[in-house]
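Asks: Questions regarding the structure given below will be posed in turn.
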Amino acid sequence: QKEVEQDPGPLSVPEGAIVSLNCTYSNSAFQYFMWYRQYSRKGPELLMYTYSSGNKEDGRFTAQVDKSSKYISLFIRDSQPSDSATYLCAINTAAGNKLTFGGGTRVLVKP
Amino acid sequence: GAVVSQHPSRVICKSGTSVKIECRSLDFQATTMFWYRQFPKQSLMLMATSNEGSKATYEQGVEKDKFLINHASLTLSTLTVTSAHPEDSSFYICSARPSLARSSYEQYFGPGTRLTVT
Chain A
-19 QKEVEQDPGP LSVPEGAIVS LNCTYSNSAF QYFMWYRQYS RKGPELLMYT YSSGNKEDGR
41 FTAQVDKSSK YISLFIRDSQ PSDSATYLCA INTAAGNKLT FGGGTRVLVK P
Chain B
1076 GAVVSQHPSR VICKSGTSVK IECRSLDFQA TTMFWYRQFP KQSLMLMATS NEGSKATYEQ
1136 GVEKDKFLIN HASLTLSTLT VTSAHPEDSS FYICSARPSL ARSSYEQYFG PGTRLTVT
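From first to last, the protein sequence lines stand for chains A and B.
Under the numbering used here, the first sequence has -3 at position 17, and the numbering climbs by one with no breaks.
Under the numbering used here, the second sequence has 1107 at position 32, and the numbering climbs by one with no breaks.
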């Protein structure tokens, strides 16, 4: 079993819809949870990070963590064609040095 | 701020030759840099952790003699793929953690280098 599981997609939504992404993880020691966006042939860029259960909002993005279920989510409201990219979750322990990435979900927002 | 560059962005080399990829933190010092490899439609796989002034730490299954890492300064790490083979063709991405980072999550990624070995 992989440490972090993520549906590869592709996930296709119409412009303006809510994009819902999620990852599950197996190691309860993980405490930091990140979401990255990666455009084709580019490096990942950090969208959001959180370290506690609950919701965190930043503009159109909401990150949700449920440690009891080992489940994290990212919601994108009012999606735009420019949101079309691959979204990667990444997880780390508090004292850890390395990020463990999910496989990435490819998202396509159609105008 | 927090910009990481990689050079070259794309390289094609012949089988058996060596290729060097540079990773630079442009506006911050980075004690630690990471090298990742990404195959098409797959996630990033950590290859090694590079610490300035010391030997790199390689992940299990990564050949240290094939992927030479040098972190000679606080703003530059290099990855040299020696005796390249077609199976080394991949997208190589580095990331850099600021020396003053408060948390392990704080890493900034470079734009990647596409290596094609013919």
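Cβ atoms here follow ideal geometry from the backbone N, Cα and C, with glycine treated the same way.
The structure displayed is predicted, hence computed values, not measured ones.
Between residue 50/A and residue 4/A, how many whole angstroms is the CB-CB distance? I'm expecting something under 8 angstroms.
Replies: Between residue 4/A and residue 50/A the Cβ distance is about 6 angstroms, and since that is below 8 angstroms, they are a contact.
Asks: Measure the beta-carbon distance from residue 1188/B to residue 1080/B and round it to whole angstroms, keeping in mind my assumption that it falls under 8 angstroms.
Replies: Contact doesn't hold; Cβ gap of about 11 angstroms is too wide.
Asks: For residue 1032/B, which residues from the same chain have a beta carbon less than 7 angstroms from its beta carbon, with the 5 sequence-adjacent residues on both sides left out?
Replies: Summary: the structure shown does not reach residue 1032/B, with chain B confined to residues 1076 through 1193, and so no result is reported for it.
Asks: Taking Cβ-Cβ distances below 9 angstroms as the criterion, which residues of the stretch 25 to 38 of chain A are in contact with chain B?
Replies: Correct list: 25, 26, 29 and 31.
Asks: In chain order, what residues of the stretch 1170 to 1186 of chain B put their CB closer than 9 angstroms to some CB of chain A?
Replies: Listed by position, the residues of the stretch 1170 to 1186 of chain B near chain A (Cβ gap below 9 angstroms) are 1170, 1172, 1178, 1179, 1180, 1181, 1182, 1183, 1184, 1185 and 1186.
Asks: Look at residue -10/A and residue 84/A and say whether their C-beta atoms are less than 8 angstroms apart.
Replies: Contact flag unset, no.
Asks: Grab me the residues of residue 9/A's own chain with a C-beta within less than 6 angstroms of its C-beta, minus the 5 sequence neighbours each way, in chain order.
Replies: For residue 9/A, where only same-chain residues beyond five positions count, the Cβ hits under 6 angstroms are 73.
Asks: Taking 8 angstroms as the CB-CB limit, is residue 1087/B close to chain A?
Replies: No - not a single Cβ of chain A is within 8 angstroms of the one on residue 1087/B.
Asks: Taking a Cβ distance cut-off of 9 angstroms, strictly less, list which residues of the stretch 1117 to 1132 of chain B are near chain A, in chain order.
Replies: Listed in sequence order: 1117, 1118, 1119, 1120, 1121, 1124 and 1132.
Asks: Since residue 68/A sits in a beta bridge, which residues does DSSP pair it with?
Replies: Per DSSP, 16/A.
Asks: Per the DSSP calculation, residue 90/A is bridged to which residue(s)?
Replies: Residue 90/A pairs with -6/A.
Asks: Figure out for me which residue from 1101/B, 1129/B and 1155/B has the closest Cα to the Cα of residue 1173/B.
Replies: Residue 1173/B has its Cα closest to that of 1101/B, out of 1101/B, 1129/B and 1155/B.
Asks: Can residue 45/A and residue 13/A be called in contact, C-beta distance under 8 angstroms?
Replies: Yes, these two residues count as a Cβ contact at 8 angstroms.
Asks: Strictly by DSSP, which residues pair up with residue 63/A?
Replies: Residue 63/A is not bridged to any residue.
Asks: For the beta strand (DSSP E) containing residue 1077/B, list its first residue and its last residue.
Replies: Residue 1077/B -> no beta strand (DSSP E), and no H or E assigned at all.
Asks: Does residue 1115/B come out as helix, strand or coil in the three-state DSSP assignment?
Replies: Correct three-state label for residue 1115/B: coil.
Asks: To which residues of the same chain is residue 29/A closer than 6 angstroms at the C-beta, ignoring the five residues directly before and after it?
Replies: Cβ within range, chain order: 14.
Asks: At the level of alpha carbons, what is the spacing between residue 1120/B and residue -3/A?
Replies: Computed Cα separation, rounded: 32 angstroms.
Asks: Who does residue 1175/B pair with in a DSSP beta bridge?
Replies: In DSSP, residue 1175/B forms no bridge with anything.
Asks: Counting along the chain, where does the beta strand (DSSP E) carrying residue 1137/B start and finish?
Replies: It is not in any beta strand (DSSP E) - residue 1137/B carries neither H nor E in the DSSP assignment.
Asks: Mind listing the chain A neighbours of residue 1168/B? Cutoff is C-beta to C-beta under 7 angstroms, in chain order.
Replies: Ordered by position in chain A, the residues that pass the 7 angstroms Cβ test against residue 1168/B are 23.
Asks: Considering only residues of the same chain and omitting the five flanking positions on each side of residue 1152/B, which have a CB-CB separation below 6 angstroms?
Replies: 1098, 1108, 1125 and 1146.
Asks: With a 10 Å radius around its C-beta and 16 neighbouring C-beta atoms as the bar for buried, classify residue 1175/B as buried or exposed.
Replies: Classification of residue 1175/B: exposed, given that the 10 Å Cβ count is below 16.
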